[in-house]
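Scroll down for the structure; my scribbles are underneath it.
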Amino acid sequence: MPLYKKYVYKLSSEEFYGLLVDITSGVEVLSEGESYVEFALYEPIQGLEPLEVLEVEVIPPERAFKPVRVKSLLVVPNWIKPIVIRQGSAFGTGLHPTTQLCLDLIQDFFQEGWSAVDVGTGTGVLAMALKKLGAGRVVAIDKDPVAVEECRHNTKENCLEVECLLAGPEEVTDSFDLLVANLDLGIFRKEIENLLKLFRRVGVFSGIYGKDELESFLSLLRGLKPAKIKRRKNWYGVVVLG
Ligand SMILES: C[S@@+](CC[C@H](N)C(=O)[O-])C[C@H]1O[C@@H](n2cnc3c(N)ncnc32)[C@H](O)[C@@H]1O
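So the number in the working numbering is just where the residue sits in the sequence shown, counting from 1, plus 49.
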């Protein structure tokens, strides 16, 4: 990997923000105090002596350009895929480890253009994530009418086409490339046969707490081998291939 020169500078806040008007290339803020800013660039600033010049490998853009929030406005780089959620009464703000496991695992296995079903959609967060990742048809189902209403509201606000339906997995007759189901062990025990029928390629399951629940969940799969198991704060996400 080629090495790049990284020029590190330290200026007073006033000087830095004055200078920023003229800098068009990416600036990485390294640290910021009350009255100073330490920052780095990949080209030298004419007439200014750097604190140090480092030789570094290419920095991925996500490390250099971070989202910036000012009061109610959030400026994000274009490789981030934002999902807007109304604070309503359905589960799925993205804060819970089980939701995060699904968001993580679908990014490892999902392929653009696939169809997907989100069972127990809550706010619709996972269905919207799949759409943002380039899914074709996405169906989001929930047994709670409040969740379906939240899903409809959120998908509309995000301008995403998702079919939000009041239904359980037993009522869906189609089959999809990917299934995501963030439920719980009790529901998996009752619904596993219906859930396994809903996907052809990848099933992402979450809502499994602790090792005992994980073992119980795996025993429901009747011989299907998990392709990946991931843990977050003692919650588990499991990926099964169809
Ligand atoms: C833990 S929340 C997950 C919400 C969202 N998908 C997420 O990952 O943040 C589980 C959701 O499943 C719904 N649910 C529970 N049992 C269900 C079933 N048998 N069929 C469909 N949805 C169900 C609940 O109403 C709830 O909205």
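For glycine and all other residues, C-beta sits at the position ideal for the given N, C-alpha and C.
Query                                                                                            : Result
Near ligand 1: A196 beta-carbon under 6 Å from a heavy atom                                      : yes
beta-carbon K192 near ligand 1 non-hydrogen atom, thresh 6 Å                                     : yes
Helix, strand or coil at I94 [DSSP, three-state]                                                 : coil
Residues near G259 in its chain [Cβ-Cβ closer than 7 Å; skip 5 each side]                        : N283
Heavy atom of ligand 1 within 6 Å of F225 beta-carbon                                            : no
Any non-hydrogen atom of ligand 1 within 6 Å of I236 CB                                          : yes
Sequence-distant residues of its chain with Cβ nearer than 8 Å to L234 (five each side left out) : G256, I257, Y258, E262, S265 and F266
Which listed residue (L290, A113 and C200) has its alpha carbon closest to that of E77           : A113
Where N127 falls: helix, strand or coil (DSSP)                                                   : coil
Where V174 sits in the DSSP three-state scheme                                                   : helix
G291, DSSP secondary structure in three states                                                   : coil
Exposed unless 16 or more other CB atoms sit within 10 angstroms - verdict on N203               : buried
Within 7 Å, strictly: CB atoms of L179 and A165                                                  : yes
P146 versus G137, F65, L232 and G252, residue with shortest Cα-Cα distance                       : L232
Option nearest I190 by Cα separation, candidates G217, G272 and L182                             : G217
Proximity of L79 and F88 at Cβ, strictly below 7 Å                                               : yes
Expected contact under 8 Å - CB spacing of L214 and V251 to nearest Å                            : Wrong, their Cβ atoms sit about 21 Å apart, outside the cutoff.
DSSP-derived helix/strand/coil call for A139                                                     : coil
Cβ neighbour criterion (16 or more within 10 Å) applied to T73                                   : exposed
First and last residue of the uninterrupted beta strand (DSSP E) at E101                         : E101 to E106
Range covered by the beta strand (DSSP E) that runs through C213                                 : E212 to L215
Where E77 sits in the DSSP three-state scheme                                                    : strand
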